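Undergrad:
Numbering (the working numbering), first residue to last: 747 to 883.
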């Protein structure tokens with residue numbers, strides 16, 4: 747029997763407030779599991795960016811920071827969680843070619859060891875959360 751996403755996030759986050767921040771209190775009826783997974787990955791990416799302190803450096807250019815955050819999130823959903831471009835695009839509300847571009851940009855940036863470590867940590871967290879939620883790849 748699969749674990750509910752909110753209870754799985756609660757187990758990972760350790761508190762109700764942290765888990766609530768990742769999952770809407772009342773998910774809309776049309777919110778698919780894939781969209782929920784993408785929302786969680788995006789929130790994990792944002793939180794890790796804030797914890798790493800890199801977010802402070804990027805605050806001066808919020809638009810660029812938001813773009814990088816979204817690109818990393820799309821990349822993790824596609825590569826680490828094996829979601830097809832089309833499903834990631836639907837979940838993020840963008841075109842499939844935008845997801846493809848995001849994946850290429852992130853892959854190119856992974857030559858930097860620090861960036862690669864950052865993306866690897868997000869991939870591990872996303873895998874763990876999805877595994878706890880009972881989602882199989």
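Think of the CB as a built atom: it goes at the ideal place given N, C-alpha and C, for glycine as much as any other residue. It should be emphasised that the depicted structure is a prediction, and the values quoted were computed from it without experimental measurement.
#1: Output needed for residue 861: all residues of its chain with C-beta closer than 7 Å, excluding positions within five of it in sequence on either side, in chain order.
#2: Going by CA-CA distance only, name the one from 879, 876, 845 that's closest to residue 817.
#3: With burial defined as no fewer than 16 other Cβ atoms inside 10 Å of the residue's Cβ, what is the status of residue 853: buried or exposed?
#4: Would you give the residue range spanned by the alpha helix (DSSP H) that residue 825 belongs to?
#5: Considering only the alpha carbon of each residue, which of 782, 851, 814 lies closest to residue 791?
#6: Could you give the first and the last residue of the continuous alpha helix (DSSP H) run that contains residue 874?
#7: Is it true that the CB of residue 823 sits closer than 8 Å to the CB of residue 866?
#8: For chain C, check one thing: does any of its Cβ atoms lie closer than 8 Å to the Cβ of residue 862?
#9: Taking only the alpha-carbon atoms, compute the straight-line gap between residue 842 and residue 825 and give it to the nearest angstrom.
#10: Taking the C-alpha atoms as reference points, what is the distance between residue 793 and residue 831?
#11: So for residue 856, helix, strand or coil by DSSP?
#12: Along the alpha helix (DSSP H) that carries residue 798, what are the first and last residues, could you check?
TA: Taking the definition as stated:
#1: Residue 861 sits at position 115 when you count from the first residue of the chain shown. The answer, listed in chain order, is 855.
#2: In the chain shown, residue 817 corresponds to position 71, counting from 1. Distance check between residue 817 and each of 879, 876, 845 places 845 closest, using alpha-carbon atoms only.
#3: Taking the chain shown and counting its residues from 1, one reaches residue 853 at position 107. Around the C-beta of residue 853, fewer than 16 other C-beta atoms lie within 10 Å, and the residue is accordingly described as exposed.
#4: For this step, residue 825 is matched to residue 79 along the chain shown. In the DSSP assignment, residue 825 falls within the unbroken alpha helix (DSSP H) covering 808-825.
#5: If you number the chain shown from 1, residue 791 lands on position 45. Closest option to residue 791, Cα to Cα, is 814.
#6: Translated into positions along the chain shown, residue 874 becomes position 128. Segment 859-878, the alpha helix (DSSP H) holding residue 874.
#7: The residue given as residue 866 occupies position 120 in the chain shown. The residue given as residue 823 occupies position 77 in the chain shown. Not in contact: residue 866 and residue 823 (Cβ atoms no closer than 8 Å).
#8: Included in the structure is just one protein chain, with no chain C present.
#9: The residue labelled residue 842 in the question sits at position 96 within the chain shown. The residue labelled residue 825 in the question sits at position 79 within the chain shown. Between residue 842 and residue 825, the alpha-carbon positions lie close to 14 Å from each other.
#10: As a first step, residue 793 must be located in the chain shown, where it is residue number 47. As a first step, residue 831 must be located in the chain shown, where it is residue number 85. Rounded to the nearest angstrom, the two C-alpha atoms are 24 Å apart.
#11: Mapped onto the chain shown, residue 856 falls at position 110. In this structure, residue 856 counts as coil in the three-state DSSP scheme.
#12: The sequence position of residue 798 within the chain shown is 52, counting from 1. Bounds of the alpha helix (DSSP H) holding residue 798 are 779-798.
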